[in-house]
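For the sequence shown, UniProt numbering begins at 1 and goes up steadily by one.
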Amino acid sequence: MPSPTDGEETVDEEKALLAVSTGVVLSEAYEGGSKASEDSDKEHMVFARHINTTGTKDGGLSPYIHNIDGLELGVHGHSGYSSPPVEKHSITTNAKTMGDENDVLLAHCHCQTVRFHITRPNAASRLPQSNFPDLMLAYQAPIASEQEKTSALVKNPHDEKWWLRPPPPPTPHQQQERNGSAAAADGLTRYLAGTCACRSCRLASGFEIQTWAFVPRANIYFHVPGASRLVTDHQEITASSEIETDGTREREEGEVEVVPLDFSSLSDSGLLKSYESSPGVLREFCPRCGATVFWHDRWRPDLIDVSAGLLDAPEGARAETWLDWWTGRVSFIEDVESGRCGDPARRARALVDALAKGLGAIGGGMVSQD
Numbered sequence: 001m002p003s004p005t006d007g008e009e010t011v012d013e014e015k016a017l018l019a020v021s022t023g024v025v026l027s028e029a030y031e032g033g034s035k036a037s038e039d040s041d042k043e044h045m046v047f048a049r050h051i052n053t054t055g056t057k058d059g060g061l062s063p064y065i066h067n068i069d070g071l072e073l074g075v076h077g078h079s080g081y082s083s084p085p086v087e088k089h090s091i092t093t094n095a096k097t098m099g100d101e102n103d104v105l106l107a108h109c110h111c112q113t114v115r116f117h118i119t120r121p122n123a124a125s126r127l128p129q130s131n132f133p134d135l136m137l138a139y140q141a142p143i144a145s146e147q148e149k150t151s152a153l154v155k156n157p158h159d160e161k162w163w164l165r166p167p168p169p170p171t172p173h174q175q176q177e178r179n180g181s182a183a184a185a186d187g188l189t190r191y192l193a194g195t196c197a198c199r200s201c202r203l204a205s206g207f208e209i210q211t212w213a214f215v216p217r218a219n220i221y222f223h224v225p226g227a228s229r230l231v232t233d234h235q236e237i238t239a240s241s242e243i244e245t246d247g248t249r250e251r252e253e254g255e256v257e258v259v260p261l262d263f264s265s266l267s268d269s270g271l272l273k274s275y276e277s278s279p280g281v282l283r284e285f286c287p288r289c290g291a292t293v294f295w296h297d298r299w300r301p302d303l304i305d306v307s308a309g310l311l312d313a314p315e316g317a318r319a320e321t322w323l324d325w326w327t328g329r330v331s332f333i334e335d336v337e338s339g340r341c342g343d344p345a346r347r348a349r350a351l352v353d354a355l356a357k358g359l360g361a362i363g364g365g366m367v368s369q370d
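The following block contains the structure:
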């Protein structure tokens, strides 16, 4: 968006710019119908740096994406041209490794219209049945002759509860603390999480990469406010209180009822909006700020994809005491150029390939072929 004063230094450049979600850019038109010859080697858009990493505490996905197309990406704590680079974040965590079954992890959208919490895995967490996700086993075999075998494996013939994961490896000090309670620490205390580059997620959110955590519906509890909390954009929130859960203080307006996740009742209440992105597949989002919240379908109704960016873990955005991030694959990476052409397709491919390379460098992420 051009500056109203044609670039005079007195104009705040940031206020004269619009931010565009690159996931919805499908093609680029150039004046005259094609790139001018003198600009034929220039990109109109480039991925240049990570911004606003301070709020993530752990860097989010920035530690996995180091450079794109040979351009080393800087890491900046805030947005803005004057924000100085910061030290790159580590991909390890020193947070606690043991999860008590009474722990809860709070989650909310930006405007806090949507608020819920998840609990640690329990007996009910093992009840869902589900195929393996494309995150773990690519639905499209790289070799056509292997498609039948791949399809059979995807069906999860041994009914593995792949979404339930062990705690992170302990530090030496934590290992000493665990020695007296190894039985409790050896359980499955986390959920699987991963990255997705499918066309549907990209167009629904606007972003190139969507992060999902796979959580049983039985472990998700919604915070339903009383009448004083059901407000519109033009109303003020007045009544408030605070509750403390697992050492974390959460602001609550009015009376709040904590209920098991029930999509039909929440949709009727107006706290969630649903969009059927394909037959039998529903995506929930906040009706006020638009945050992506859930993905679920009719084939596995009791295992929900939770938008990982909403989780408010004290250790950081990756919530590694609760989530085990799959490093073997970016889900639907083959779909990244779908519906795109030219520079947007090539640019998106470079970004997602960089993410896949960074994740792969961590190791792990293999499914048994037996």
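Just so it is clear, CB atoms sit at the ideal spot from N, CA and C, and this is done for glycine as well.
With a 10 Å radius around its C-beta and 16 neighbouring C-beta atoms as the bar for buried, classify residue i as buried or exposed.
i           : result
residue 136 : buried
residue 307 : buried
residue 85  : exposed
residue 106 : buried
residue 48  : exposed
residue 259 : exposed
residue 162 : buried
residue 143 : exposed
residue 313 : buried
residue 17  : exposed
Rounded to whole angstroms, what's the CA-CA distance from residue i to residue j? Just pull it up for me.
i           : j           : result
residue 345 : residue 68  : 14 Å
residue 38  : residue 355 : Confidence at residue 38 is low in this model, with a pLDDT of 44, below 50, so its placement is unreliable and no value can be given for it.
residue 349 : residue 337 : 7 Å
residue 205 : residue 281 : 15 Å
residue 55  : residue 297 : 32 Å
residue 359 : residue 192 : 15 Å
residue 201 : residue 153 : 24 Å
residue 127 : residue 196 : 25 Å
residue 132 : residue 331 : 11 Å
residue 46  : residue 77  : 19 Å
residue 149 : residue 335 : 21 Å
residue 209 : residue 352 : 8 Å
residue 222 : residue 268 : 14 Å
residue 261 : residue 72  : 43 Å
residue 295 : residue 118 : 15 Å
residue 273 : residue 264 : 10 Å
residue 322 : residue 120 : 8 Å
residue 21  : residue 194 : 21 Å
residue 75  : residue 325 : 21 Å
residue 255 : residue 293 : 23 Å
residue 320 : residue 146 : 34 Å
Out of the options, which one is the CA nearest neighbour of residue i?
i           : options            : result
residue 112 : 336, 285, 78, 144  : 285
residue 383 : 188, 292, 122, 278 : As displayed, the chain neither begins before 1 nor continues past 370, which places residue 383 out of reach and without an answer.
residue 288 : 25, 65, 27, 108    : 108
residue 310 : 72, 116, 103       : 116
residue 52  : 214, 317, 140, 125 : 317
residue 44  : 359, 357, 343      : 343
residue 371 : 60, 274, 203, 333  : Because the chain in this structure spans residues 1 to 370, residue 371 falls outside the shown range and cannot be described.
residue 373 : 315, 160, 208      : Examination of residue 373 is not possible in this model, given that the chain is present from 1 through 370 alone.
residue 110 : 333, 290, 321      : 290
residue 225 : 79, 271, 62, 261   : 271
residue 65  : 333, 357, 114      : 357
residue 155 : 28, 130, 315       : 130
residue 362 : 327, 341, 347      : 327
For a cutoff of 9 Å on Cβ pairs, would you count residue i as touching chain C?
i           : result
residue 133 : Here chain C cannot be found, since the structure has a single protein chain.
| How about the region 299-306 and the region 207-214: do they share at least three Cβ pairs that are nearer than 8 Å? | yes
| Touch test, the region 151-171 against the region 187-201, Cβ-Cβ under 8 Å, three pairs minimum | yes
| message | Quick check on the DSSP output: what are the complete beta strand (DSSP E) runs of length 3 or more inside the region 271-310, in order along the chain? | response | 273-278, 281-285, 292-297, 303-307
| Mind pulling the alpha helix (DSSP H) runs of 4 or more residues that sit fully within the region 307-331? | none
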